Amino acid sequence: MRIGQLAQLVGVETQTIRFYEQQGLLPPPSRQDNGYRVYTEKHGEGLAFIRRCRILGLSLAEIHKLQSYQDDPHQPCTAVNALLDDHISHVRSQITALQALENQLVSLRASCNDDREIEACGVLTGISEGNTHPAVGETSTI
Numbered sequence: 001m002r003i004g005q006l007a008q009l010v011g012v013e014t015q016t017i018r019f020y021e022q023q024g025l026l027p028p029p030s031r032q033d034n035g036y037r038v039y040t041e042k043h044g045e046g047l048a049f050i051r052r053c054r055i056l057g058l059s060l061a062e063i064h065k066l067q068s069y070q071d072d073p074h075q076p077c078t079a080v081n082a083l084l085d086d087h088i089s090h091v092r093s094q095i096t097a098l099q100a101l102e103n104q105l106v107s108l109r110a111s112c113n114d115d116r117e118i119e120a121c122g123v124l125t126g127i128s129e130g131n132t133h134p135a136v137g138e139t140s141t142i
């Protein structure tokens, strides 16, 4: 199958397939005499695996590790479980940071009512005066 067919089958853009090939997550396809890529069912399965990993928020490096574990199927799952435990910890940190951000936004929103004019807007004043703090794990870029 061609790249467009594979993209449609798995539900990704053709650029995404090329990107995963460049990153080494998908094996390079064979090519026809005219230079068109020719993909197999194995490419589709690999791409579907990558897509599901991305939906779970796994990084490209984590996906690459998981693929390397798949290539050696007779080893124990210890490494896979450790990778997932690390990812769960990262997700929990992100949740904490998002909850702190939500609290800041709610506090800002509470500082202004709809009856005010923009010049007296508590939200804009709060932002201008720096009444915001970086979320957990976030650093200032200024």
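Counting in full-length UniProt numbering, the final residue of the sequence shown is number 142, and the numbers go up one at a time with none missing. For glycine and all other residues, C-beta sits at the position ideal for the given N, C-alpha and C. No experiment lies behind these values; they were computed from the predicted model shown.
Following the DSSP letters along the chain, one finds Val12 in no alpha helix (DSSP H), marked with neither H nor E.
Each residue's CA atom was taken as its position, placing Gly44 and Ala97 some 36 Å apart.
In this structure Gln23 is in contact with Leu60, their Cβ atoms being roughly 6 Å apart against a cut-off of 8 Å. Here Arg37 carries a strand assignment [DSSP, helix/strand/coil]. In this structure, Ile3 lies near Thr14, with their beta-carbon atoms less than 8 Å apart.
Of the residues assessed, Cys53 falls on the buried side of the cut-off, its CB having 16 or more other CB atoms within 10 angstroms. As the crow flies, the alpha-carbon of Asp72 is around 31 Å from that of Gln32. By the Cβ neighbour-count rule, Gly11 is exposed, with fewer than 16 other Cβ atoms within 10 Å of its own. Within 10 angstroms of the beta-carbon of Arg92 lie fewer than 16 other beta-carbons, which makes it exposed. At least 8 Å separates the beta-carbon of Val80 from that of Leu58.
Here the alpha carbons of Ile127 and Phe19 stand approximately 39 Å from one another. Distance from the CA atom of Asn113 to the CA atom of Ala120, rounded to whole angstroms, is 10 Å. In the structure shown, Arg31 adopts extended strand secondary structure according to DSSP, grouped into three states. About 11 Å separates the Cβ atoms of Ile63 and Ile55, ruling out a contact at the 8 Å cut-off.
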